[in-house]
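The structure appears right after this line, and notes come after that.
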Amino acid sequence: MRRYRIFVVSVLMIIFAGFVFAQEPKKLKRLNPLRYEIVDTSRLVVIYVHRTYDPVLDVAKAPDEMLLLGDKFSMYRSYGRYKVDSLLSKNPYMTYDEYKRYDNEFGGFQDNLVKSYDAGTLRYGGWIFMNSYRYTEEIPKIQWKLAKGTETILGKKCRMATCRFRGRDWTAWYCPDIPISEGPWKFGGLPGVILKMEDSKGEHLIEATEIRQASIPFGYPQKLYVKSTREKFLKELADYKNDPVKSLESVGTVAKDKEGNIIRPSRKKLFYNPIELE
Amino acid sequence: MKNFPDRILVFILVTVIAMTVSGKTITGIVSNEDYVPIKGVIVQLIEGEDPIDFMTTGGDGKFSFNTDTVSNGMILSFSLLDYESQEVVVSEDSVYNVVLMKKGTDLTEFVVRAPHTRVKGDTIVYDVASLTSKSDRNIGDIIRKLPGVTISGNVIYYDGEPINRFYIEDMNMLGGSYSVAANNINPEDIKSISVYERHQPKKVLKDVEFTDRAALNLTLKKKRMLRPIGFVKAGGGAGDRMLYDADVYGMLISPTNQSLLAAGGNNAGKVYGTMNETGGETRNYNLCSDIVNLYPLGSASLPVARYYNNNSAKVNASSLFKINRDYTMTSRVGYSFDKDNYSNATYTEYLGTGEDNVIYSDEGTSWFANHSVNACINLESNSESFYLLNELYFQGKFSDNDYRICNDRTVMQSLSNRDFLVEDRFNSIIRKGGNVFDVGARMTFSTSPHNRMTVVDNTSEVPYISQILKGNTFFSTFTAKYTSVWDTFSFGGDANADISLDSFRSDEGDSDMFVGTNEEHGYKIGVFLRPFFSFDIGRLKWRTEIPVSFHTIRYKDVVDNRIYSDSRPYIDFSSNLLWKMSVYLSLQGGFSLRHDYGGLKDFIDNPLYTSYRTETVLGTGALSSSGSKRGNVMLRYSNPLNGLNTSLRLSCGRTDRNQLSSSVVSETEETVSSIERRNRINTFSWAIDAAKRMHNVVVKVSGNGIASQREAMRQNRDLTVDSRFRTVSATLLTYFLSDRLNMDVTAGYTGIEQRIKATGTKTDQSNVNCNFKISGFVIPYLELYSSVAFERSRLAEGGNRGYVFLDAGMRLKKRKFEIELKGANLTDERVYEYSITRSLDIGTYRYALRPLEVIATFKWMF
Numbered sequence: 001m002r003r004y005r006i007f008v009v010s011v012l013m014i015i016f017a018g019f020v021f022a023q024e025p026k027k028l029k030r031l032n033p034l035r036y037e038i039v040d041t042s043r044l045v046v047i048y049v050h051r052t053y054d055p056v057l058d059v060a061k062a063p064d065e066m067l068l069l070g071d072k073f074s075m076y077r078s079y080g081r082y083k084v085d086s087l088l089s090k091n092p093y094m095t096y097d098e099y100k101r102y103d104n105e106f107g108g109f110q111d112n113l114v115k116s117y118d119a120g121t122l123r124y125g126g127w128i129f130m131n132s133y134r135y136t137e138e139i140p141k142i143q144w145k146l147a148k149g150t151e152t153i154l155g156k157k158c159r160m161a162t163c164r165f166r167g168r169d170w171t172a173w174y175c176p177d178i179p180i181s182e183g184p185w186k187f188g189g190l191p192g193v194i195l196k197m198e199d200s201k202g203e204h205l206i207e208a209t210e211i212r213q214a215s216i217p218f219g220y221p222q223k224l225y226v227k228s229t230r231e232k233f234l235k236e237l238a239d240y241k242n243d244p245v246k247s248l249e250s251v252g253t254v255a256k257d258k259e260g261n262i263i264r265p266s267r268k269k270l271f272y273n274p275i276e277l278e
Numbered sequence: 001m002k003n004f005p006d007r008i009l010v011f012i013l014v015t016v017i018a019m020t021v022s023g024k025t026i027t028g029i030v031s032n033e034d035y036v037p038i039k040g041v042i043v044q045l046i047e048g049e050d051p052i053d054f055m056t057t058g059g060d061g062k063f064s065f066n067t068d069t070v071s072n073g074m075i076l077s078f079s080l081l082d083y084e085s086q087e088v089v090v091s092e093d094s095v096y097n098v099v100l101m102k103k104g105t106d107l108t109e110f111v112v113r114a115p116h117t118r119v120k121g122d123t124i125v126y127d128v129a130s131l132t133s134k135s136d137r138n139i140g141d142i143i144r145k146l147p148g149v150t151i152s153g154n155v156i157y158y159d160g161e162p163i164n165r166f167y168i169e170d171m172n173m174l175g176g177s178y179s180v181a182a183n184n185i186n187p188e189d190i191k192s193i194s195v196y197e198r199h200q201p202k203k204v205l206k207d208v209e210f211t212d213r214a215a216l217n218l219t220l221k222k223k224r225m226l227r228p229i230g231f232v233k234a235g236g237g238a239g240d241r242m243l244y245d246a247d248v249y250g251m252l253i254s255p256t257n258q259s260l261l262a263a264g265g266n267n268a269g270k271v272y273g274t275m276n277e278t279g280g281e282t283r284n285y286n287l288c289s290d291i292v293n294l295y296p297l298g299s300a301s302l303p304v305a306r307y308y309n310n311n312s313a314k315v316n317a318s319s320l321f322k323i324n325r326d327y328t329m330t331s332r333v334g335y336s337f338d339k340d341n342y343s344n345a346t347y348t349e350y351l352g353t354g355e356d357n358v359i360y361s362d363e364g365t366s367w368f369a370n371h372s373v374n375a376c377i378n379l380e381s382n383s384e385s386f387y388l389l390n391e392l393y394f395q396g397k398f399s400d401n402d403y404r405i406c407n408d409r410t411v412m413q414s415l416s417n418r419d420f421l422v423e424d425r426f427n428s429i430i431r432k433g434g435n436v437f438d439v440g441a442r443m444t445f446s447t448s449p450h451n452r453m454t455v456v457d458n459t460s461e462v463p464y465i466s467q468i469l470k471g472n473t474f475f476s477t478f479t480a481k482y483t484s485v486w487d488t489f490s491f492g493g494d495a496n497a498d499i500s501l502d503s504f505r506s507d508e509g510d511s512d513m514f515v516g517t518n519e520e521h522g523y524k525i526g527v528f529l530r531p532f533f534s535f536d537i538g539r540l541k542w543r544t545e546i547p548v549s550f551h552t553i554r555y556k557d558v559v560d561n562r563i564y565s566d567s568r569p570y571i572d573f574s575s576n577l578l579w580k581m582s583v584y585l586s587l588q589g590g591f592s593l594r595h596d597y598g599g600l601k602d603f604i605d606n607p608l609y610t611s612y613r614t615e616t617v618l619g620t621g622a623l624s625s626s627g628s629k630r631g632n633v634m635l636r637y638s639n640p641l642n643g644l645n646t647s648l649r650l651s652c653g654r655t656d657r658n659q660l661s662s663s664v665v666s667e668t669e670e671t672v673s674s675i676e677r678r679n680r681i682n683t684f685s686w687a688i689d690a691a692k693r694m695h696n697v698v699v700k701v702s703g704n705g706i707a708s709q710r711e712a713m714r715q716n717r718d719l720t721v722d723s724r725f726r727t728v729s730a731t732l733l734t735y736f737l738s739d740r741l742n743m744d745v746t747a748g749y750t751g752i753e754q755r756i757k758a759t760g761t762k763t764d765q766s767n768v769n770c771n772f773k774i775s776g777f778v779i780p781y782l783e784l785y786s787s788v789a790f791e792r793s794r795l796a797e798g799g800n801r802g803y804v805f806l807d808a809g810m811r812l813k814k815r816k817f818e819i820e821l822k823g824a825n826l827t828d829e830r831v832y833e834y835s836i837t838r839s840l841d842i843g844t845y846r847y848a849l850r851p852l853e854v855i856a857t858f859k860w861m862f
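Which chain is which? The protein sequence lines are A and B, in order. Each residue of the first sequence is one higher than the last, beginning at 1 in this note's numbering. Each residue of the second sequence is one higher than the last, beginning at 1 in this note's numbering.
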């Protein structure tokens, strides 16, 4: 019932937004940048390119993602989304067309995760269709196996380690010269920052392209969330991505043409291949 | 089973003994200078250089290793940001309390930026700033660093195939004339270069017709939009004569309009004649335009800048207007003028002529005066549902060339050619749902109203050869095509009619040598039906086409009052497969069966002159035809994020022809003709490319080879010729010391082997070249550079000849200004000699080179 209400509200919002922009496409409208509850300031930022391959659609995408490393917290988020938020905060009166252009150019996935070292927890913020979800879990204790291989990434000598994490076998290259036990996504716990990760199927490749010193305040996004658990969120996300039409129809949302006939898009599956399979 | 408890006991005993002998447990607390425990310290247990275990300290600063692998001599390493790292050797102790001293961490030591690459489907986006080094002059220097890209002449290749579009801001202003932009655009104006792999330029055909050719797109920096960008350059110098070099380049790019202007002139060795239209469409020229050999004295394997004494000028202007979201109008105009001369000597050994090969030698000087003009205007609409193109193209070439040849007498050959071509091309495609309708037409008129050759010698004032060629071709083709697209399957076909009206005339004029007159005219019609089907099942794309054609010709020989007519049908076949085996690996292969059908040339059966000593009979009086079978396969591994691109291409084919090339040579002249006889050519070719980009090193290795077997006739003797051609090249680009030192090394080897079975003649030519370029910035704005080119050629008469060319210069670049002083041929090599196997001959050429020259230029960028 709760999901039903959320989807009805979402559909109404879309219709309203469409109406507003259809009527006044050029009108300047203040767009509010996403607010954050600041918990820490980064000292070091690592930019990664994350290549994901969807073998069903045979499509690969490679957005930029960023790891903000503070003293007590770290945050992992879309680098493109960070750029859009920065532009929006500098120019809140940008037109919707401008916003769309920036969003198309830079915008990536909207998920984010914040690790609290003191609490030992990780808060994940995700997005399904028009709704934000949030779940909290303990920072995963990954059973790493140190291996003998080395690779030079960004000119820095990295050592190899392997692990199995939630359904995938990973190979990581960490940099002992940067003694921060962090990495992309939920990964971490190695004796050095992780600069590259690759799963055994070649479906995910996360590689650092830039390390920079930057003081960027970061924290938890302030928006309305549906509280969830990791398992529930992953299931709902999988249902939606694998069959969005069915997922929407199950809560009573259907697309219709002028004659009132239900439109069922031929392409059912959306781009999706999660890091966590379990 | 009764021994099972005993085995457990033995196992436990062995384990306990092993633990007692080698294992130990070590613990400790890590604290700061005030003995306050520190949380999060990374503690590693290291054996030799390899960490074998690690952990991080908890809130109480404690760590503990309870493994049986701990042994004396290992190292405990403690590290944490903002603290001095410490290492302790493991001894007999089991407790290690460590104090870490605070330090100020300079985080800038960690800051580093890699060449930035993004991949989205078939698009790879390269960040130009991260690929640009200080010594790069133009965007072409960046493009050649990209994995999979090679630049040869003015053509850019990706995976061995010429690119099909060169966009600026996703708009096609330049067509095939993209070298103007690639050679002039400043990398600092460009934000990124995108490679669109397997790019279908017509959006309406996306997912309908797949292509293996790629496109490049330049994205400008935002602040470079809506304002003129470019440069003005001028300079002068000295060598054997005074030198000048001037260039102007300007470009204005906005979302709705693009304009480009390039002009220049020099006598420093840069020849513009070939820069007007490269990588463009194939056009139908009349027969006259390529009969006469423009280089009867040969051309060198060196860049023309080494041996052409030139005076050149050019101007190119292009503009594009975006009328609305889908419609664009583009115009391009280009003019170039080259007045060149060079001197050389040739020594030609004609093989397969008998026990003693015929040898011919002479010396000569060539003077070229070429004007070339082309203009193009087109209207294009390119959307997902509709495509429209109408393009009008004009080309004019005017050349007046003179050649002075000295052997036992002095001969003067003069060529005066005028060639014009006008073409209109139309294409419209409509896509409605799963149906695609495509209609097209192309009409070309090519004329050579004045194509004259005159040869005189020092024994007479009357030309002993005076020949006038005239030719016209009106070619038109009409196409209608239908495609039905289903979910994973599409089928359709196209109907196509080609009509060609041709005329040709050759007159001997006033000369001592009478070779006869040719005058032919007539038509050739080909009607084609090409049904096809294709599958697109995600990773697998397969397309098969079965063209059926019917050809008819009718030509009249006015001189002999004969009529030639012929009609015949053909069935061809082609099938291509693309299998994307994984995200990085793809396999592409194809097989084709194709027939080619001759034309007017086959009925020109009186001789004419193609050079001062070569008499040629173009046809046999019978229609030529050939059928070829060809198979090819390409395996490609590409991981752009790792900067790795490799490909292997194999191809083999067989061509059956009904005409055989025949020649008779003597010490004074050469007669080339064809005879009617079935013969076959077998070919096998291979090509391999590998490129790897690392942090500050780009390595490219490529090689290709062709092996062929063909038949020929010389001195009325049948010959079977086996040829093997191979070339291998490697390129290494490096950027060291924060871009202060750059090195560029290219090495190449070319080998040609030829064996003629009937005479037992075997030739083996090879050429090795190595180019080494180094540049460094001794102070931030001053670049010193030097390039050494080494050439080594095996000569026909035996022995090798090596050359070293040294060029060097300095460039002072500050903000928008640049001053450059450049010296060319500092080793002052004055003669270059090399040998090459061509057809059945070995030619040895000796060229007079430009001397040591120094030129200074000033450049202002805006």
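Yeah, the Cβ is synthetic: ideal placement off N, Cα and C, and Gly gets one too.
- Residue environment analysis places Ala-789 of chain B among the buried positions, since at least 16 neighbouring C-beta atoms fall within 10 angstroms of its C-beta.
- For the stretch 43 to 63 of chain B, the set of positions with a beta-carbon nearer than 9 Å to some beta-carbon of chain A reads Val-43, Gln-44, Asp-50, Pro-51, Ile-52, Asp-53, Phe-54, Met-55, Thr-56 and Gly-59 in chain order.
- Taking 8 Å as the threshold, the shortest C-beta distance from Leu-81 of chain B to chain A falls below it.
- Of all C-beta pairs linking the stretch 426 to 441 of chain B to the stretch 456 to 465 of chain B, fewer than three are shorter than 8 Å, placing the two stretches out of contact.
- Ranking B:Ile-681, B:Phe-573, B:Leu-635 and B:Asn-645 by CA distance to the CA of Ser-626 of chain B puts B:Ile-681 first.
- Under the 10 Å beta carbon count, Gly-619 of chain B is surrounded by 16 or more other beta carbons and is classified as buried.
- Neighbourhood of Ser-582 of chain B in chain A, by CB distance below 7 Å: Gly-202, in chain order.
- Chain order gives the chain A residues near Arg-539 of chain B as Asp-58, where near means a beta carbon separation below 8 Å.
- Taking a C-beta distance under 8 Å as the contact criterion, Gly-631 of chain B and Ser-647 of chain B do not qualify as a contact pair.
- Membership of Leu-302 of chain B in any alpha helix (DSSP H) is not indicated, and neither H nor E is assigned to it by DSSP.
- With 16 or more other CB atoms across the displayed protein chains lying within 10 angstroms of its CB, Trp-170 of chain A is buried.
- With a contact defined as Cβ atoms closer than 8 Å, Leu-218 of chain B and Asn-257 of chain B miss out at about 16 Å.
- Within the same chain, and ignoring the five residues on either side of Trp-579 of chain B in sequence, the residues whose Cβ sits closer than 6 Å to its Cβ are Leu-540 and Leu-587.
- Counting of Cβ neighbours within 10 angstroms places Ala-172 of chain A among the buried residues, the total reaching 16 or more.
- Shown here, Ile-323 of chain B sits in coil according to DSSP, grouped into three states, outside any helix or strand.
- For Tyr-53 of chain A, the neighbours in chain B by C-beta distance under 8 Å run, in chain order, Val-583.
- Comparing alpha-carbon positions, the option among A:Asn-242, A:Pro-63 and A:Pro-217 lying closest to Val-125 of chain B turns out to be A:Pro-63.
- Here the alpha carbons of Val-30 of chain B and Gly-148 of chain B stand approximately 52 Å from one another.
- If you look at Lys-62 of chain B, you'll find it in the beta strand (DSSP E) that goes 62 to 65.
- Below the 8 Å Cβ cutoff, chain B contributes Ile-42, Ser-79, Leu-80, Leu-81 and Ser-85 as neighbours of Pro-179 of chain A, in chain order.
- Listed along the chain, the chain B residues whose CB falls inside 9 Å of the CB of Lys-148 of chain A are Asp-50.
- For Arg-164 of chain A, not one C-beta of chain B is nearer than 8 Å to its own C-beta.
- Take the alpha-carbon of Asn-172 of chain B and the one of Asp-71 of chain A: they are about 51 Å apart.
- Taking all protein chains shown into account, Ile-537 of chain B has fewer than 16 neighbouring C-beta atoms within 10 Å of its C-beta and is therefore exposed.
- In the DSSP assignment, Ser-592 of chain B falls within the beta strand (DSSP E) that extends over 585 to 597.
- Ala-119 of chain A sits exposed, since fewer than 16 C-beta atoms from the chains shown fall within 10 Å of its C-beta.
- Interface residue (Cβ-Cβ distance to chain B less than 8 Å): Tyr-117 of chain A is classified as such.
- With respect to the 8 Å criterion, Arg-166 of chain A and Glu-276 of chain A are classified as neighbours on the basis of their beta carbons.
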